[in-house]
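A.B. asks: Take a look at this one; I'll ask things after.
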């Protein structure tokens, strides 16, 4: 444009092109300086305010997950080393309080799973740009909690079956007691009549009647014994579900939480290390000419 202006100086003394070019040049420089000023403010905000807060957050998360990891490792070891649970022997049955406690445990497991999902969602929402968060093994924790919750739900149902069978056995026992009491009363009455009218009573019919009653009583007792055996079997199943559910369920949950905590610690450490590495010496950048200087030399040189 300078060459063009030089050629036209002699022909068009009133040409406004040089003035317009200078005005445009000034506007470009002002716009570039404004852009650089805004960019510097953004960088300052990022480096002096945002980055320290993020690093502080990451350090806090790292400490948090280290503590969680140690706690879950201890819990996991306890559940792994546990070989048995105190469970009442026959004669001490699960009652309403046991079922209520089991149902409360199911509710707490559901709440535990919901809180874990909500906590992780909050982290993802805050640091969504950190794509490494997507690699955390959170699904394993959620699956373990849900599986444990299903086991406890099955335990609650099993406790209901045990209680139902216990009521059945108790009812039959009461019925047997009534039959025995009636038989004793009947024997007393018949015995009295026999002593008074011994010559008029058919002894053979009485023996047959007593034999029939004895046979019915024997069958009734066999039925009660069968129901008691069934009750014992159900109690054993309840005990097995309790032992397997608690040990295996908690072990799986704590194991998955240990792995999740380890992955969280590593992820946060890697991010902090990356932030430290990214703090390259800024002196090299400061020694380079700014874009404004380059444009000025190009337009005015």
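Numbering (full-length UniProt numbering), first residue to last: 1 to 301.
Backbone N, C-alpha and C define an ideal beta-carbon position, used for all residues, glycine too.
May I have the straight-line CA-CA distance separating residue 273 from residue 163, to the nearest angstrom?
C.D. replies: Straight-line Cα distance between these residues: approximately 59 Å.
A.B. asks: Do the segment 65-83 and the segment 147-155 touch if we need at least three Cβ pairs shorter than 8 Å?
C.D. replies: Not touching, per the Cβ criterion.
A.B. asks: Following the continuous alpha helix (DSSP H) through residue 57, name the residue where it begins and the one where it ends.
C.D. replies: Residue 57 -> alpha helix (DSSP H) spans 51-81.
A.B. asks: To the nearest angstrom, report how far apart residue 44 and residue 50 are at their CA atoms.
C.D. replies: Going by the C-alpha atoms only, they are around 9 Å apart.
A.B. asks: Could you tell me the alpha carbon to alpha carbon distance between residue 77 and residue 227, rounded to whole angstroms?
C.D. replies: Distance between the alpha carbons of residue 77 and residue 227: 40 Å.
A.B. asks: Counting Cβ pairs closer than 8 Å, one from the segment 177-186 and one from the segment 241-257, do we hit at least three?
C.D. replies: No, because fewer than three Cβ pairs between the segment 177-186 and the segment 241-257 fall closer than 8 Å, the two stretches do not touch.
A.B. asks: With C-beta atoms as the reference, is residue 65 less than 8 Å away from residue 261?
C.D. replies: Their beta carbons are under 8 Å apart, which means residue 65 touches residue 261 by this criterion.
A.B. asks: Helix or strand or just coil, what does DSSP make of residue 136?
C.D. replies: It is coil, neither helix nor strand.
A.B. asks: Please state whether the Cβ-Cβ distance between residue 102 and residue 155 is less than 8 Å.
C.D. replies: In this structure, residue 155 lies closer than 8 Å to residue 102 by Cβ.
A.B. asks: Relative to the C-alpha of residue 119, which candidate in 36, 55, 138, 108 has its C-alpha closest?
C.D. replies: Cα-wise, what sits closest to residue 119 is 138.
A.B. asks: Indicate the three-state DSSP secondary structure (helix, strand or coil) for residue 143 in the structure shown.
C.D. replies: If DSSP states are grouped into helix, strand and coil, residue 143 belongs with the helices.
A.B. asks: According to DSSP, simplified to helix, strand and coil, what is residue 95?
C.D. replies: It is coil, neither helix nor strand.
A.B. asks: Please classify residue 90: does DSSP put it in a helix, a strand, or coil?
C.D. replies: In this predicted model, residue 90 has a pLDDT of only 48, less than 50, meaning its place in the structure is not dependable enough to derive any value.
A.B. asks: Buried or exposed: where does residue 72 fall if 16 or more other Cβ atoms within 10 Å of its Cβ makes it buried?
C.D. replies: It is buried - the Cβ of residue 72 has at least 16 other Cβ atoms within 10 Å.
A.B. asks: Find the nearest neighbour of residue 219 within the set 235, 255, 172, judged by alpha-carbon distance.
C.D. replies: It is 172.
A.B. asks: Among 165, 168, 55, 70, which one has its Cα closest to the Cα of residue 270?
C.D. replies: Nearest option by C-alpha distance: 55.
A.B. asks: My guess is that residue 62 and residue 268 are in contact by the Cβ rule of under 8 Å, so how many angstroms apart are they, rounded?
C.D. replies: Yes, residue 62 and residue 268 are in contact; Cβ-Cβ is about 4 Å, under 8 Å.
A.B. asks: When you compare only the Cα positions, how much space is there between residue 147 and residue 243?
C.D. replies: For residue 147 and residue 243, the distance between alpha carbons rounds to 15 Å.
A.B. asks: Quick check: what's the CA-CA separation for residue 245 versus residue 60?
C.D. replies: Each residue's Cα considered, the two are about 34 Å apart.
A.B. asks: Considering only residues of the same chain and omitting the five flanking positions on each side of residue 105, which have a CB-CB separation below 8 Å?
C.D. replies: Taken in chain order, the residues that qualify are 152.
A.B. asks: Could you say which of 223, 58, 235 lies nearest to residue 124 if we only look at CA atoms?
C.D. replies: It is 58.
A.B. asks: Let me check understanding here. Comparing Cα to Cα, which of 47, 26, 235 lies closest to residue 161?
C.D. replies: Of 47, 26, 235, the residue nearest in Cα terms is 235.
A.B. asks: Return the chain-ordered list of same chain residues with a C-beta closer than 7 Å to the C-beta of residue 69, the five sequence neighbours on each side being excluded.
C.D. replies: Excluding positions up to five away in sequence, the list reads 258, 261, 262, 265.
A.B. asks: Rounded to the nearest angstrom, what separates residue 94 and residue 116 at their Cα positions?
C.D. replies: Distance between the alpha carbons of residue 94 and residue 116: 31 Å.
A.B. asks: Around the Cβ of residue 159, are there at least 16 other Cβ atoms within 10 angstroms (buried) or fewer (exposed)?
C.D. replies: Label assigned to residue 159: buried.
A.B. asks: In chain order, what residues of the same chain lie with their CB nearer than 8 Å to the CB of residue 98, ignoring the 5 residues before and after it?
C.D. replies: Excluding sequence neighbours, residue 98 sits near 159.
A.B. asks: Would you please state the rounded distance, in angstroms, between the beta carbons of residue 142 and residue 176? I believe it to be under 8 Å.
C.D. replies: The pair is not a contact, with the Cβ atoms about 51 Å apart (cut-off 8 Å).
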